[in-house]
Structure formats: C-alpha cells, structure tokens
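One structure is given here, and the rest of the page talks about it.
Number of protein chains: 2
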Amino acid sequence: MSPQRDGQSGPSVTGRVLGILSAFGPGAEALSLSGIARAAGLPLSTAHRLVGELAAWGALERGEDGRYRIGLRLWEVGALAPRSLGLRERAMPYLEDLYEATRQNVQLAVRDGHEVVYVERLAHPEAVRVFSRVGGRMPLHATGVGQVLLAFAHASVQEEVLAGPLSALTPRTVTDPHALRRTLAGVRREGVAVCDGMVDLLSLSVAAPIRGEDDRVVAAMSVVVPSAGSDPRTIVPAVRATARGISRALGSPSARRRPSGVVTAPPGAAGGPAHAGRGT
Amino acid sequence: MSPQRDGQSGPSVTGRVLGILSAFGPGAEALSLSGIARAAGLPLSTAHRLVGELAAWGALERGEDGRYRIGLRLWEVGALAPRSLGLRERAMPYLEDLYEATRQNVQLAVRDGHEVVYVERLAHPEAVRVFSRVGGRMPLHATGVGQVLLAFAHASVQEEVLAGPLSALTPRTVTDPHALRRTLAGVRREGVAVCDGMVDLLSLSVAAPIRGEDDRVVAAMSVVVPSAGSDPRTIVPAVRATARGISRALGSPSARRRPSGVVTAPPGAAGGPAHAGRGT
DNA sequence: GCGCTCCTTCCGGTGGCCGGAAGCTCGATT
DNA sequence: AATCGAGCTTCCGGCCACCGGAAGGAGCGC
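Next comes the structure, spelled out in structure tokens:
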C-alpha cells in the first residue's frame, strides 16, 4: 500500500528487480503477479517479465495456487550473509544451552540503521508469546536487544535516535529522550538491559551485548520471560555469562580471561551453560 | 573459474544481477569487485555499476576491507522463503529436544532438484564434525536426509537420479543404481534411512521423513553421530518420533493419531522429546 | 451469459544500459 | 624514491534490450 521504499528504487532495471523483492515482507510471504506489480509500482507486463526471470533462476517460486513466494535459491544466497550465518553458527550452542536452561525465549539480534533485526530466535511453544520473528525488525529504543545495541553504538547513531520520534509500543515504552539517555548509560554501566513491558505488557526481556574480534559490540542477545512472577535477578547472570561466552567464541579480547570471581551463573535457578566455563 | 551457472544467465540485466549473486557461495562469502566481475563474467565497469546499486539497496554490504558480502537486507528477504522459515519455525522445538537429548548433530533439509539443501542444523561443538552447513547442498543419494527425500520423491525424480552418475564421497557411498534402488525401497518400508560412512567414514546418520498438510514428504531430518560406538537402534525410535511430531505440527493427517503402541522413544538412551507426546 | 480479475503474449519506439578508456589509490618491488 | 601493477572509480556516445500499451485467453462469481 504505502510506497515506503518500493518503486522508489529508481527506474533502473536493478531497482525494479529489488523493488519486486521488497514487495515481499512479513505478512506478505505470498503474492500474485498483479499483487507484486501493484506493490512494486510496475506495469503488469514489466512485472511479468522480470518475475518470470526471477522464478526461472530460483529467486522466486510459484506455488500451486499461482502465487509467488521467495525461492530456496534466494534463501541460500541470503544465508551467506556474515551477520546472520557466521554469527548464528557460532552463537547457537550457547543460545541452545541458555534456552534449555530457561525454557523460554532466547533471541539474537544485530543492528541495521535505527532498527534491530532479529537473526535467531529459540522459542518454547508454551513460553510467553513474543512479538518478534526471525528476519523481523523493531525500533531500537523499545526492545532489550535494541537498547543494548543502541547503548554501544556510535554516538552519532544514538543522537539520531534520541532526536527522532520515539514510538510507544506500550504505555511503558521509554519515549522520553532524557529517560532513554539515562537508561542507555545504565546499560553501559551494568552490561545488561532489562526491559519490562516495553514491547508488550506481559513480557520482560534481559539483554546483553556480544562483542567481536575488535571488541566492538556486533550483536546482542536476550531472554524474554513472562513479566509476572519473574525475577530478573535470577536471569541476569545467565544472560551475561552466555553473551560473554559467545563473545569469546567470536574472538573478543576482553572476554578472553575467565570472568574474575564467580559469574558462571548459579546452577540452581538457571543452570550454568555448559560451554560458558570451558574454553576448548 | 568454471562457468557453471554464472554468466550463462543471459544478457538481460536481471540475469546479470542474479549472476552477481551467484558469484557468492560457500567458500566465497566475501569478494572484491573484480572478483565478482570475474566470477559473473562481466566487464568491470558493468559490475561496478550493478554492484553499487545492490549495495545501496542493502543486498550487498561492503566491508572495511573493500570486499563485498551478502547484505542483511537480502538475508531478510531470503528468510521469508516458506520452505526455510515456515518449516524451520515449526520444527525447531522438536529439533531442540532431540538435540538436547542426543547432544550430537541434528539436521533439517529439503529437496531442490537432485540435491538436498540443509535448512537447519544444530551442532554440538564437541560432536562429530559434519560436512554439511546451513544453506549447503549435497547429492541426494549419498546422505541420510537425501535418501529419505529421494525415496519419497516422485518416481520421475528417482529415475533421473538413478540414471545419472552417482558420485562417491567415500568408498562406502552407494553408487550402484540397483543397490540404491533397493536401499530406497528399504527406506520407504522402514520409514528411516541409516547411512553409515557415506558422507565421511567417521559419521553415521539416521534420517526420517517429515510430511506436510497433504501428507506428502516435504522435508527430512536426521541425527548424525560418530560411526564408531553408536548403535543406530537406540537412535531410530527417537528420530522417528521427532519426525512424526514435526509432521503433526505441520498438519499431516497421517501423524494425527497417537502412534499406535509405544513409539515415544525410550526415556533412557535418547530421552523422549517433550513435545512428541503432548499435543496442546 | 456477462462482467470481472488475473495472467500471458506481442511488438515498435526509445531511453537506459554497455563497456572501452582514462585517471586514481594503494601497496609491493627494484 | 621511482616504478610498476592490481584494483577501483568515473565518464560518455552509440546501440540495443527493455518498456509497457494493447489485445487475447483463462477462470470465477453473479
């Protein structure tokens, strides 16, 4: 409907092709030819030709109902994105352990511009329903992982977000720039973000930063639990330890040495991730 | 190097763009501009223009080293592929449980033409090294999931594969058409494929089919364990039960009713997947 | 039957694409 | 330090591949 960044791609053929791909999105996984043409702002015959070529290559697939969907081949190419697969591959075992221990929702996300993109998500069917989805986007200021990524992003990014409008997903979302600035400072100080009822009123998320080779924050992870009856205190150590473990797996220098003291998470509440302690 | 399906895409602009995407692949996650031009068979200036447009949109990203990688935006679009995300999303919890129980490698794959494409993989860092990777391809006849997908594929597909050359990954790979035909019959009869040392000599895989709404086999899953010291007998029931659970989650009619008798997997060896038994 | 939507094919005009060539930036080599 | 080479970027005129209106077919609901 709203021409966000669809046909705007310019009149070049490449732009049109990308416009066609943009027509697909969450909630629009399958489109008819004319649907694509409409969404991409292309004449039907043009769309027909381009879509035909894309389908022949495998970027799109045509279902029995005649509608087009994203094809396996395009998925394959997309899977090569280093910020998804490379990260995911290494982080998975740690996320696994945390998931297993908490039996809730575990998420992995990266930042793209002023939004957070969810790269991986382990969700227990009976866990609290969570809004995000793999490949989905959310505003930075309103989510746990988003606040972490924002807190450790370049100052210019922070200023831009603080300057822009801060949408409220729930009454509890931080929308005041000053409050957000304070929150971010807290996140930097604590190394975790705790967001209660910001995305939806029933869930609470605890997020921590993941660092890469050069020690910059490259991703964030979080655990989402029911808001009621959960004590963040029991979760924070586990999240912190897991994030640290992933950072080490990615080669972060600051995560090299064993966490001084005892941070391996209490075995009682949220069982110590098996890998967090062992290097090899 | 070898012009497999690169520049062949035809002289249309769309073909060139897709050729550029084809330049990336396993083992070629990052390419320089001239590398792309070479792989796609394009003049440098042409590649430069097209790549620039792709990068501006987010289909490609340029690293600090100047090389291009697949961009997050393309990954996002690819994640909409129903055969990856839709399937994955529903299968995950079951795979989780199986992974947790076995602490080995759990894989999920679909068929594309004469190859198997791995859609998901849970790998324990200390488990037996496995050759496949998410987004990777393998021949149908040589892998556990491949044999399952082949056994339940349309007869024409089977004939084509049986007619074509059957490459040998190890001395133990089935390369004789008659033997393969017999193997496939066995897979259909048993509902599982057991492949010992076919991909590499050290690992053994047990695979089972996953059925969709119309009861057709839409995917396959497998567990890969060390060849030495593993008894398939202890794994088969767990794999079967998990595959059945996923089938039910996908709406397969034949997986509706409780498995007659006791197939919920022995709790000892490979702990019963928590979801396999309970519906809601 | 009639109208509707959606899909497919065709074809002539033209504007976007092509790609050679020249200039630039880096780093390696002598 | 000068030279070389590999890779990247920009420019621009000619040409051809792309565009998209129009016409025809298929399927469906009224």
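Sequence lines, in order, name chains A and B. Those letters in the first sequence? Residues 0 to 279, per numbering that gives the first Met the number 0, in order. Those letters in the second sequence? Residues 0 to 279, per numbering that gives the first Met the number 0, in order. Ideal Cβ positions, reconstructed from N, Cα and C, are used throughout, including at glycine. Owing to the predicted nature of the structure, the values given are computational and were not obtained by experimental measurement.
Query                                                                                                                                                           : Result
Quick check on the DSSP output: the beta strand (DSSP E) that includes Pro208/B runs from which residue to which?                                               : 202 to 210
Relative to the alpha-carbon of Asp96/A, which residue among Pro252/A, Gly228/A, Pro231/A, Val222/A has its alpha-carbon at the smallest distance?              : Val222/A
Would you say Ser204/B faces chain A, with C-beta separation under 8 Å as the test?                                                                             : no
Along the chain, where does the beta strand (DSSP E) containing Ser251/B start, and where does it finish?                                                       : Element bounds for Ser251/B: n/a, residue is neither H nor E.
Leaving out five residues on either side along the sequence, give the residues of the same chain with a beta carbon under 7 Å from the beta carbon of Met137/B. : Glu114, Val115, Ser131, Gly145
Between Arg321/B and chain A, is any beta-carbon pair separated by less than 8 Å?                                                                               : Lying outside 0 to 279, the shown extent of chain B, residue 321/B is not represented and no answer is given.
Less than 6 Å between C-beta atoms, sequence neighbours within five positions excluded: which residues of the same chain meet that for Arg102/B?                : His123
Applying the 10 Å Cβ sphere with the 16-neighbour rule, what's the burial state of Ala207/A?                                                                    : buried
Exposed or buried, which one is Ser21/A when buried takes at least 16 other CB atoms within 10 Å?                                                               : buried
Examine chain B for any beta-carbon lying closer than 8 Å to the beta-carbon of Ser259/A, and answer yes or no.                                                 : With a pLDDT of 48 at Ser259/A, under the threshold of 50, the modelled position of that residue is not reliable, and no figure is offered here.
With H, G and I counted as helix, E and B as strand and the rest as coil, what does DSSP make of Leu166/A?                                                      : Going by the sequence as given, residue 166/A is Ser instead of Leu. Ser166/A falls in the coil class under three-state DSSP.
From this set, Ser226/B, Ala152/B, Met197/B, Gly62/B, which residue's C-alpha is nearest Ala219/B's C-alpha?                                                    : Ala152/B
Out of curiosity, what's the CA-to-CA distance linking Gln324/A and Ala184/A?                                                                                   : Coverage of chain A is limited to positions 0 through 279, which leaves residue 324/A absent and any answer about it impossible.
Determine whether the Cβ of Pro225/A lies closer than 8 Å to any Cβ atom of chain B.                                                                            : no
Below 9 Å on C-beta distance, what does Leu179/B contact in chain A?                                                                                            : Under the 9 Å cutoff, chain A gives no residues; its nearest Cβ is about 24 Å from Leu179/B.
Hey, Ala192/B and Val198/B are a contact pair by Cβ (cut 8 Å); roughly how many whole angstroms apart?                                                          : Contact doesn't hold; Cβ gap of about 12 Å is too wide.
Kindly say whether Asp111/B, judged by its beta-carbon, lies nearer than 8 Å to any beta-carbon of chain A.                                                     : yes
Check whether the region 73 to 82 of chain B and the region 24 to 42 of chain A are in contact - that is, three or more C-beta pairs closer than 8 Å.           : yes
Excluding five sequence neighbours on each side, which residues of the same chain lie with their C-beta closer than 7 Å to the C-beta of Asp5/B?                : Confidence at Asp5/B is low in this model, with a pLDDT of 37, below 50, so its placement is unreliable and the value that follows should be read with caution. Same-chain partners within the cutoff: Gly18, Ser21, Ala22, Ala38, Ala39, Gly40.
Quick one: what does DSSP say Ser226/A is sitting in, helix, strand or coil?                                                                                    : coil
Could you work out which residues of chain A lie near Pro81/B, taking near to mean beta carbons separated by less than 9 Å?                                     : Glu28, Ala29, Glu60, Gly62, Arg68, Ile69
Kindly list, in the order they appear in chain A, the residues whose Cβ is closer than 8 Å to that of Glu189/B.                                                 : The premise fails here: Glu189/B is roughly 28 Å from chain A at the closest Cβ pair, so nothing lies under 8 Å.
Is the CB-CB distance between Thr174/B and Leu161/B below 8 Å?                                                                                                  : no
Are the C-beta of Ala100/B and some C-beta of chain A separated by less than 8 Å?                                                                               : no
What are the complete beta strand (DSSP E) segments, minimum 3 residues, inside the region 40 to 87 of chain A?                                                 : 59 to 61, 67 to 69
Could you check the C-alpha separation between Gly143/A and Pro225/A for me, to the nearest Å?                                                                  : 14 Å
Quick check on Thr182/A: buried or exposed, where buried means 16 or more other Cβ atoms within 10 Å of its Cβ?                                                 : buried
I'd like to know whether the C-beta of Ala78/B is nearer than 8 Å to at least one C-beta of chain A.                                                            : yes
Can you give me the start and stop residues for the alpha helix (DSSP H) that Glu189/A sits inside?                                                             : 176 to 189
Using a Cβ-Cβ distance cut-off of 8 Å, determine whether Gly271/B contacts chain A.                                                                             : Any answer about Gly271/B is weak, because its pLDDT of 39 lies below 50 and its placement is not dependable; what the coordinates show is given next. It does not; no Cβ of chain A falls within 8 Å.
Pick helix, strand or coil for Thr13/A, following the three-state DSSP scheme.                                                                                  : helix
Using 8 Å as the limit for Cβ to Cβ distance, is Thr289/A near chain B?                                                                                         : Residue 289/A cannot be examined here, being either before or after the span of chain A that is shown, 0 to 279.
Could you spell out where the beta strand (DSSP E) holding Gln146/B opens and where it closes?                                                                  : Careful: Gln146/B lies outside any beta strand (DSSP E), inside the alpha helix (DSSP H) at 143 to 150.
Could you give the distance in angstroms between the alpha-carbon of Leu43/A and the alpha-carbon of Ile35/A?                                                   : 9 Å
Verify the CB distance criterion: does Met197/A have a CB-CB separation below 8 Å to chain B?                                                                   : no
Could you tell me which chain A residues have their CB closer than 8 Å to the CB of Leu165/B, listed as they occur along the chain?                             : What Leu165/B touches in chain A: nothing, since even the nearest Cβ is about 23 Å away.
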